[in-house]
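For reference, the structure is listed below as structure tokens.
Residue numbers (this note's numbering), protein chains in the order written: chain V, 6 to 363; chain U, 6 to 363.
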């Protein structure tokens, strides 16, 4: 520490005695993660203008929220998608929507998000601004504020541009109790829209592939669609967002939790032509390709028609349809009946089909 | 997808048709982040045995909590400390204690934590187990469960072993309203114990330095100390944990928020001899070196003696003492009166004094 004392013993000069080191404004520096002045500048120049809200603005180490329910839901996800920008989205809106969706499929109304950034030294501040703007827009679209945040910086070569971890808090309305244990034979399996768009969008950006039509990520917040679904009063047993591992993996997890056999109808599976074509080129099964704005719901079959009607009235559920049924209680198993009338078993994703897809 | 159909059209073989690829069990693989079987194995073999609790055990994408208060507090922090193990702790207990402390200094009782792991391909599973065990022990010590989690894996060279982001939810007891705006001239500034142990412990591990005595990190959960403090009824204006940027930076932030001038007494600042010696060797001012288990409180001076008495009755506050006072309303400023009677101004940390200290 430099200090300048005068005879009275009290330093009268201002903060200039500890000058902020001259710096390039265009890239992330290690000092941006030090917790001192550079961190504060980054917060005030980049994060605060985008995310501003009463809970965040006081810039404490935490945020206070008022919750109007006793049951809250809490979730977290890190987002390390590579590349960070892809057709239809980027790591920013993905991080907002992904955590909202984890709350949504539990039946909760999202209340607030946190965001923790791990930046690599040298990452472009302009790119960081673009990501933050994308988070702002996603949070505004979903009407869920980002109320608390953190920034760390690691040395060049010790990270990969930007990783974002979002956590979310939601409130569970009274009477909402979704759990796979409630699944019964005969229940309908409904998906809210086409499968695999997100995974193929990221793969096309990563591999520099061009298909006849651009496949855009389906990244979107599902809580309003879920609210529409719950409002129908349909007996929804459980819901999941169809992310890493795709529909096959998610249904295997549900089948395991409920100890049931599930049968999908392959001709009914909604997969866009462009996604199907890309999957053929890449050697992928669309059943394993991630979405980031689709959900699967298991519902009393009697309620399926009215539920589908309600879902189709919502822009994010306009292509909703039933893709299968719960067959019987049994050792957990997910089967697919093909267009040829044969049936194959689909297991959970075994290995690393698509690394860093979210 | 491989599939094996028989004449009935139904596959009767078990999951072996999609074999888990043979793998080395000793390091993290990209597939551990795929969301499929390897992720599930990692969760069931490493995370679940350590963190098991009713909210986590159902392994959903979120956790349900019952909260007995309307005001909740929400916080998040990423932990990228390098090296991940240091005298007195590791990234695991740091991640648990750090987020508990952000809740604690708001006056909240911590309810639950989330943990999101970003692992580098090739990271040792044995080391991961050690970190997870350390998190388990820290969560058990603090009696705050880890209720929801996430794991991502990035390619070798795109991360640095392990980064952990924890978020926390706490409840604010009625009547607790800590905010720097309540600070008044004459208030006492109290710290709960010696400064700089954590930063020096990490630096010594990083640089391979040996001092006459080993300096151990002070990483610890402060919520019980805070509860003891609040129970005294002392007029506590605000509290902060003394982390990145050290006491100087934290007090500058408080002084800014309250628009006050603060005067510290240098001879009263508690700094262990070994920390002071290390700081001299490393050219550091202990006022800027991070702690991870110390807090600073601003309190009505009349209540300071009884508050200090209560703090000293708690193991984490046994060395608590008053180190300064709030002098007057003014442009925000933190001054230190030295042993020689001179006074110097200390600013917030300007740059990157100690990168990746937490």
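Every residue, glycine too, gets a C-beta built ideally from N, C-alpha and C. Remember, predicted model here, so these are calculated numbers, not experimental data.
Pull up the distance between the alpha-carbon of residue 104 (chain U) and that of residue 343 (chain U), whole angstroms please.
34 Å
Less than 8 Å between the C-beta atoms of residue 325 (chain U) and residue 317 (chain U), yes or no?
Yes, the Cβ-Cβ distance between residue 325 (chain U) and residue 317 (chain U) is below 8 Å.
Partners in chain U for residue 70 (chain V), counting only beta-carbon separations shorter than 7 Å:
77 and 79
Return the residues of the segment 47-70 of chain U that lie within a Cβ-Cβ distance of less than 9 Å from chain V, sorted by chain order.
Of all residues in the segment 47-70 of chain U, only 60, 63, 64, 65, 66, 67, 68, 69 and 70 place a beta-carbon less than 9 Å from a beta-carbon of chain V.
Below 8 Å between beta carbons: does that hold for residue 299 (chain V) and residue 196 (chain V)?
yes
Is residue 42 (chain V) helix, strand or coil when you go by DSSP?
helix
Alpha carbons only, please: which of U:277, U:362 and U:241 is nearest the one belonging to residue 310 (chain U)?
Here the closest residue by C-alpha is U:241.
Curious, which full-length alpha helix (DSSP H) runs of at least 4 residues does the segment 196-257 of chain U contain?
202-212 and 228-236
Whole-angstrom distance between residue 328 (chain U) and residue 322 (chain U), CA atom to CA atom
14 Å
Is the segment 257-266 of chain U in contact with the segment 177-186 of chain U, if contact means three or more CB pairs nearer than 8 Å?
yes
Could you name the residues of the segment 119-145 of chain V whose beta carbon sits closer than 8 Å to any beta carbon of chain U, in the order they occur along the chain?
119, 120, 121, 122 and 123
Quick check: is the beta carbon of residue 14 (chain U) nearer than 8 Å to any beta carbon in chain V?
Because residue 14 (chain U) carries a pLDDT of 29, less than 50, the predicted location of this residue cannot be relied on, and no value is offered for it.
For residue 344 (chain U), decide whether its Cβ has a neighbour in chain V, counting only Cβ atoms nearer than 8 Å.
no
Roughly how many whole angstroms lie between the Cα atoms of residue 171 (chain V) and residue 120 (chain V)?
4 Å
Output the residue ranges of the beta strand (DSSP E) runs that lie fully inside the segment 88-128 of chain U and measure 3 residues or longer, sorted by chain position.
114-125
Can the beta-carbon of residue 280 (chain U) be found closer than 8 Å to that of residue 202 (chain U)?
yes
Can you list, in chain order, the residues of the segment 228-248 of chain V whose Cβ is nearer than 8 Å to any Cβ on chain U?
The residues in question are 245, 246 and 248.
What are the boundary residues of the beta strand (DSSP E) that residue 132 (chain U) is part of?
Residue 132 (chain U) -> not in any beta strand (DSSP E); alpha helix (DSSP H) instead, spanning 130-147.
Around the C-beta of residue 366 (chain V), are 16 or more other C-beta atoms found within 10 angstroms, so that it is buried, or is it exposed?
As shown, chain V starts at 6 and ends at 363. That puts residue 366 (chain V) outside it, with no answer to give.
What residue does the alpha helix (DSSP H) around residue 173 (chain V) start on, and which one ends it?
Per DSSP, residue 173 (chain V) belongs to no alpha helix (DSSP H); it is in the beta strand (DSSP E), 167-176.
Against chain U, with Cβ distances strictly below 8 Å, would residue 117 (chain V) count as a contact?
yes
Would you decide whether residue 41 (chain U) is buried or exposed? Buried here means 16 or more other CB atoms lie within 10 Å of its CB.
buried
One question on the structure: do residue 152 (chain U) and residue 60 (chain U) come within less than 8 Å of each other, judged by their Cβ atoms?
yes
Got a sec? Which residues, its chain only, sit under 8 Å from residue 352 (chain U) by beta carbon, not counting five neighbours each side?
The answer, listed in chain order, is 253, 257 and 339.
Where do the N-terminal and C-terminal ends of the alpha helix (DSSP H) with residue 181 (chain V) fall, by residue?
Neither: residue 181 (chain V) is in no alpha helix (DSSP H) and is coded neither H nor E.
Can you tell which of V:175, V:62, V:113 and V:139 has its C-alpha closest to the C-alpha of residue 91 (chain V)?
V:139
Of all the options U:362, U:180, U:93 and U:239, which has the alpha carbon lying nearest to the alpha carbon of residue 293 (chain U)?
U:362
Proximity below 8 Å, CB of residue 365 (chain U) to CB of residue 235 (chain U):
Residue coverage of chain U in this structure runs from 6 to 363, which leaves residue 365 (chain U) outside it and unanswerable.
For residue 350 (chain U), the residue or residues it bridges with in DSSP:
U:340
Which residue wins for smallest C-alpha separation from residue 79 (chain U), given the options U:115, U:68 and U:63?
Ranking the options by Cα distance to residue 79 (chain U), first place goes to U:115.
Under the assumption that residue 210 (chain U) contacts residue 88 (chain U) (Cβ atoms under 8 Å), give the Cβ distance between them as a whole number of angstroms.
5 Å
Taking only three categories from DSSP, how would you classify residue 259 (chain U)?
Residue state, collapsed to three classes: helix.
Tell me, to the nearest whole angstrom, how far the beta carbon of residue 354 (chain U) is from that of residue 288 (chain U); I am working on the premise that it is less than 8 Å.
Rounded, the Cβ-Cβ distance is 14 Å, inconsistent with contact.
Residue 27 (chain V) to residue 136 (chain V), Cα distance in whole Å?
Confidence at residue 27 (chain V) is low in this model, with a pLDDT of 41, below 50, so its placement is unreliable and no value can be given for it.
Out of V:275, V:297 and V:306, point me to the one whose CA is closest to residue 291 (chain V)'s CA.
V:275
For residue 356 (chain U), collect the residues of the same chain with a Cβ closer than 7 Å to its Cβ; drop the 5 residues on either side in sequence, then sort them by chain order.
none
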